[in-house]
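The working numbering puts the first residue of the sequence shown at 137, with every later residue one more than the last.
Backbone N, C-alpha and C fix where the C-beta goes; we use that ideal spot for every residue, glycine too.
Note that this is a predicted model, so its numbers are computed, not measured.
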Amino acid sequence: RGSHRGTGASSGMVVGCRMSLATLLMATVTSMAAAASGWVTGTWTTGYWDCCKPSCAWQGKGKVSKPVDSCDNQTGEILSNANEESVCHGGRAATCTSNKPFMVNRNLSLGFAAVAVSGKHGLTGDVNCGQCYELKFTDEVHSDGKWSWGGSHSDLVGKRMVIQVTNIGYDVSGDHSFDLMIPGAGQGVFTSGCTKQFPGYSTGDFDCDNRHGGCSNISGCSRLPPVMQDACRWRYEWLQWLEKAGKTNNPYVDFRRVKCPQLLTQVSGSVPDDDGADFPDCSSGWCESPASGEDSNTAIIVLLVCVACICCAACAVWLWWRCLSKCERAVRADSTQVPVDAAGSEAQNASLSGTPVAAMSQAAGNADEAPGIAQVPCPAAQLAAQVAAEDMHHARAHVCERFAAQP
């Protein structure tokens, strides 16, 4: 969405309980890990291209090696004078066409963006000039309380983009974090710059006559100058703009500060002064966490995950042991032991002598026999398991009756 640029100098119960605790623990670990790794969540992005001189191309913006480059609107050459006025205000300084987005691989793209001037995400505008951020596209959608719309196409969710801040947007605030520089995505309120940089084209050619939102399909890219058409198509082929069911449209992202890849700084000509080892390195085509021993974030995350895994494993082992022990005791108590009245035990044993019960009992041995307990062999346990749903006392009586009746 085209926007205003700054172009000047400004049991079941037990198991459920354990599962709930485990779920809560993992959620807490995930939240703490995200915070420890520096990710900011719940923000959304737009797109624009107005050809104006980027705000970060002026002197005194951010703490950088030099202002970002701007280009002569007539020759396309990089200007050496950072104080040259913007083409959108009668000067010669315009956005360099090299500031367009490009794909590194199917899961990663690089590019440039205007940054918010305020919001809970901590971005403040000019101070962020030259800094690089890794954006991770999420599946959140926009909602006004009644209707939901937009967000990332399913094929975009999980993909990442690393951008360098080259501009600021006074209308980019709140949960709106970045305005990505994409040819054909809308010129916003500044509609004079592109026609001055590319004579022979009409204002509507640069955004399909849609100032805020730009071209709605890839065919509109053919209206742009040839040097910008590939980046316009990137919006549909990689970002999946309006591909299906109104998605992608102003997608949500999580983002974090990263070390600027040379592929970006070589284009912009600007490197942040603090772009050291404290930030994840994206130069390899994927953003890797710092290897420096001074950064303890990775160690904290690993420790939290390990503690969570150990706790979950301990709970699982404890529950397994409890269930096993309870089942074993139940089988022994309800199926393998038949109480006999102490006074009539001798008569009972005598009456059963010569029966299969007696033979099996003798074979099983009486090492563990307690006073007043007649040992019942393993078949009785099987029979008792079949009638486990019956009352405990009826089950024991049933066992004795069945075996006593055998020939």
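Write down the C-beta distance between residue 176 and residue 258 rounded to the nearest angstrom, noting that I regard them as a contact closer than 8 Å. Along the sequence shown, read from residue 1 onward, the residue named residue 176 stands at position 40. Along the sequence shown, read from residue 1 onward, the residue named residue 258 stands at position 122. Indeed, because the Cβ distance is near 7 Å, the residues count as touching under 8 Å.
Reduced DSSP secondary structure (H/G/I, E/B, other) of residue 215: To locate residue 215, count along the sequence shown from 1; it is residue 79. Coil, per DSSP.
Should residue 241 go down as buried or exposed, given a rule of 16 or more other Cβ atoms within 10 Å for buried? Along the sequence shown, one-based indexing puts residue 241 at 105. With fewer than 16 Cβ atoms within 10 Å of its Cβ, residue 241 is classed as exposed.
Short check: CB of residue 288 to CB of residue 384, under 7 Å? The count along the sequence shown starts at 1 and reaches residue 288 at position 152. The count along the sequence shown starts at 1 and reaches residue 384 at position 248. It is a contact, given that the beta carbons lie within the stated cut-off.
In the DSSP assignment, find the alpha helix (DSSP H) that holds residue 268 and state where it starts and stops. The residue you call residue 268 lines up with position 132 of the sequence shown. Run containing residue 268: none in the alpha helix (DSSP H); it sits in the beta strand (DSSP E), 268-273.
Hey, residue 206 and residue 231 are a contact pair by Cβ (cut 8 Å); roughly how many whole angstroms apart? Within the sequence shown, residue 206 is the residue found at index 70, counting from 1. Within the sequence shown, residue 231 is the residue found at index 95, counting from 1. With 8 Å as the limit, residue 206 and residue 231 qualify as a contact, their Cβ atoms being about 7 Å apart.
Would you decide whether residue 450 is buried or exposed? Buried here means 16 or more other CB atoms lie within 10 Å of its CB. By 1-based counting over the sequence shown, the position of residue 450 is 314. Exposed, by the Cβ-count rule.
I need the straight-line Cα distance from residue 296 to residue 325, nearest angstrom please. In the sequence shown, the residue the question calls residue 296 occupies position 160. In the sequence shown, the residue the question calls residue 325 occupies position 189. If I take the Cα positions, the gap works out to 29 Å.
Within 10 angstroms of its Cβ, does residue 453 collect 16 or more other Cβ (buried), or is it exposed? Sequence index remark: in the sequence shown, residue 453 carries index 317 (1-based). By the C-beta density criterion, residue 453 is exposed, having fewer than 16 other C-beta atoms within 10 angstroms.
Given that a residue counts as buried once 16 or more other Cβ atoms are within 10 Å of its Cβ, and exposed if not, what is residue 211? Numbered from 1 along the sequence shown, position 75 holds the residue referred to as residue 211. By the 10 Å Cβ count, residue 211 comes out exposed.
Express the C-alpha separation of residue 273 and residue 294 in angstroms, rounding to a whole number. One-based indexing of the sequence shown puts residue 294 at position 158. One-based indexing of the sequence shown puts residue 273 at position 137. Approximately 5 Å between the Cα atoms of the pair.
For residue 407, which of 317, 304, 268, 290 has the nearest alpha-carbon? Taking the sequence shown and counting its residues from 1, one reaches residue 407 at position 271. Nearest of 317, 304, 268, 290 to residue 407, Cα basis: 268.
Assign residue 270 to one of two classes, buried (16 or more other C-beta atoms within 10 Å of its C-beta) or exposed (fewer than that). Translated into the one-based positions of the sequence shown, residue 270 becomes position 134. Buried, by the Cβ-count rule.
Out of 195, 236, 188, 263, which one is the CA nearest neighbour of residue 552? Examination of residue 552 is not possible in this model, given that the chain is present from 137 through 543 alone.
Nearest to residue 423 by CA position, among 403, 393, 458, is which residue? The count along the sequence shown starts at 1 and reaches residue 423 at position 287. Residue 393 is the option with its Cα nearest to residue 423.
Taking a contact to mean a Cβ-Cβ separation below 7 Å, would you say residue 298 touches residue 418 in this structure? Working through the sequence shown from its first residue, we reach residue 298 at position 162. Working through the sequence shown from its first residue, we reach residue 418 at position 282. Against a cut-off of 7 Å, the Cβ pair of residue 418 and residue 298 comes out as a contact.
With three or more beta-carbon pairs closer than 8 Å as the criterion, would you say the stretch 309-320 touches the stretch 385-405? yes
Note the first and the last residue of the continuous beta strand (DSSP E) segment covering residue 405. Looking up residue 405 in the sequence shown gives position 269. Taken as a continuous stretch (DSSP letters only), residue 405 belongs to no beta strand (DSSP E), as it is neither H nor E.
Indicate whether residue 302 and residue 342 have their beta-carbon atoms separated by less than 7 Å. Locating residue 302 in the sequence shown gives position 166, counting from the first residue. Locating residue 342 in the sequence shown gives position 206, counting from the first residue. Result no, Cβ atoms of residue 302 and residue 342 do not sit closer than 7 Å.
Cβ shell of residue 403 (< 7 Å), same chain only, five flanking positions each side left out: In the sequence shown, counting from the first residue as 1, residue 403 sits at position 267. Correct list, in chain order: 234, 235.
Is it buried or exposed for residue 398, if we count other Cβ within 10 angstroms and need 16 for buried? For this step, residue 398 is matched to residue 262 along the sequence shown. That one is exposed.
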